[in-house]
Every structure is written in C-alpha cells, then in structure tokens.
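Student: I'd like to ask some things about the structure below.
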Amino acid sequence: MTSGEGGMIVTADDEIARKAKLLRNQGMEVRYQNEIVGFNNRMTDIHAAIGRVQLAKLRERTTRRQENASFLNENLSSVTTPVKSRDVDHVFHQYTIKSESRDRLSDHLTQSNIGNGVYYPIPVHQLPSFGKEINLPNTKVVAEQALSIPVHPLLTQEELHTIVEVINEWH
24 MTSGEGGMIV
34 TADDEIARKA
44 KLLRNQGMEV
54 RYQNEIVGFN
64 NRMTDIHAAI
74 GRVQLAKLRE
84 RTTRRQENAS
94 FLNENLSSVT
104 TPVKSRDVDH
114 VFHQYTIKSE
124 SRDRLSDHLT
134 QSNIGNGVYY
144 PIPVHQLPSF
154 GKEINLPNTK
164 VVAEQALSIP
174 VHPLLTQEEL
184 HTIVEVINEW
194 H
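Here the sequence shown is numbered in this note's numbering, starting from 24 and rising by one per residue.
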C-alpha cells in the first residue's frame, strides 16, 4: 500500500532548515547515519487522499502478504526465517531471513533477478544519534546476516516457487 510522500516548510534560517530536514527524514542527512531521532513526516493532502483509496485494499493485500510469508516459512529450508508469535498478527511489510553468507546470497539472488535488500545494516545502538558505546554482539550478528526478500502481495505462485528454489539450491 502506498500513498506517496511530500510536504513543505519555508524558512530563511539555515539551522532551522537543517533541523527540519533531519526531523522529516528519520534524523538522517547521510543515509544510515542518524544524527537525531527523527520521523518520516513527508505527506501532502493529495498523498493522504491516495492513502484513503488504498485503505480499501489493505485487508486483501495484508492477507496476501501473510499467505506469501507462510509459504516461504514452510518451504525455505536453508535459511533462518521469521518466527511468528502466536498472539500477534504480522503484516510482513518486509520478509527478512538470516544467512551467514548474506552478501553472497544477495548477489546470487540479484543475478537470478530476485529483488532483495539489506535495510538496516547498522545496529541502532551504533548510530550517531544514540551516541552510546555498548557491546551488543547478537545485534551485530543479526545486522550482518539479515536479508529481506520479496513478500509483496503481487507475487505469483511461480515467483514464490522460484524464490524458494533459488535460495534452497544455493545454500
């Protein structure tokens, strides 16, 4: 589901402009280098109207994502798949697997024309906005192994089978 993004602030003050840009873009001027805790505040009225129309599709698309995730969970045998809590309904905005060979698997998926992405390569506690020097070795391992693969509602059964086949045969 999408509604787009947008918005406007007008100022002649460079510091206010910089702070507004950080706040609207999740605290980042440079990707993955959060200077402050920011937000994603970029919606216009037009985008809100688009979002209202998209709401009618939400239930159907969520169900399809959940079905796709269930298929992947049941059929991916060579990687660690998401654990679904019994008392929570996950909508699977992303479907993130873990692989000790994450970067090589990512390259293989890309060569096989299967979209994939590393969305959070830097653990939150290591971002400049948090400014803490703490040792979280498990968090570091997860950040190094996490890879998101397609789960979107428009995937066909053939595409799901291909994703499973390519990952299971590679590992």
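Positions of the beta carbon are idealized from the N, C-alpha and C atoms, including for glycine.
Compare the Cα-Cα distances from A92 to each of Y55, R125 and P176 and report the closest residue.
Tutor: P176
Student: Below 7 Å, is the gap between the Cβ of Q117 and the nearest heavy atom of the ligand ADP?
Tutor: The ligand content of the structure shown is nil, which means the ligand ADP is not present either.
Student: Do V102 and K121 come within 8 Å of each other at the CB atom, strictly closer than that value?
Tutor: yes
Student: Which of the three DSSP states, helix, strand or coil, is assigned to N191?
Tutor: helix
Student: Three or more beta-carbon pairs under 8 Å between the stretch 127–145 and the stretch 39–47, yes or no?
Tutor: no
Student: Could you check the C-alpha separation between I32 and A40 for me, to the nearest Å?
Tutor: The straight-line gap from Cα to Cα measures roughly 8 Å.
Student: Out of V106, V53, D126 and E188, which one is the CA nearest neighbour of L150?
Tutor: V53
Student: Since I believe V165 is in contact with Y118 (beta carbons under 8 Å), could you give me their beta-carbon distance rounded to a whole number of angstroms?
Tutor: That pair is no contact at about 15 Å.
Student: From S152 to E192, what does the alpha carbon distance come to, in whole angstroms?
Tutor: Cα to Cα, S152 sits roughly 41 Å from E192.
Student: DSSP state of N161, grouped into three classes?
Tutor: The answer is helix: DSSP assigns N161 an H, G or I state.
Student: I think I186 touches I172, with their Cβ atoms under 8 Å apart; what is that distance to the nearest whole Å?
Tutor: I172 and I186 do touch by the CB rule: their CB atoms are close to 6 Å apart, below 8 Å.
Student: In chain order, which continuous runs of the beta strand (DSSP E) of length 3 or greater are located wholly inside the stretch 94–159?
Tutor: Runs of the beta strand (DSSP E) inside the stretch 94–159: 118–121.
Student: How is the beta strand (DSSP E) around R169 delimited, first residue to last?
Tutor: First, the amino acid is wrong: residue 169 is Ala here, not Arg. That run of the beta strand (DSSP E) goes A169 to I172.
Student: Classify T168 as buried or exposed, calling it buried when 16 or more other Cβ atoms lie within 10 Å of its own Cβ.
Tutor: Strictly speaking, residue 168 in this sequence is Gln, with Thr absent from that position. Label assigned to Q168: buried.
Student: Kindly indicate which three-state DSSP category N48 falls into: helix, strand or coil?
Tutor: strand
Student: So Q77 packs on F115, CB below 8 Å; how close in whole Å?
Tutor: With 8 Å as the limit, Q77 and F115 do not qualify as a contact, their Cβ atoms being about 17 Å apart.
Student: Which stretch, first to last residue, makes up the alpha helix (DSSP H) that contains G74?
Tutor: Start and end: D68 to L78.
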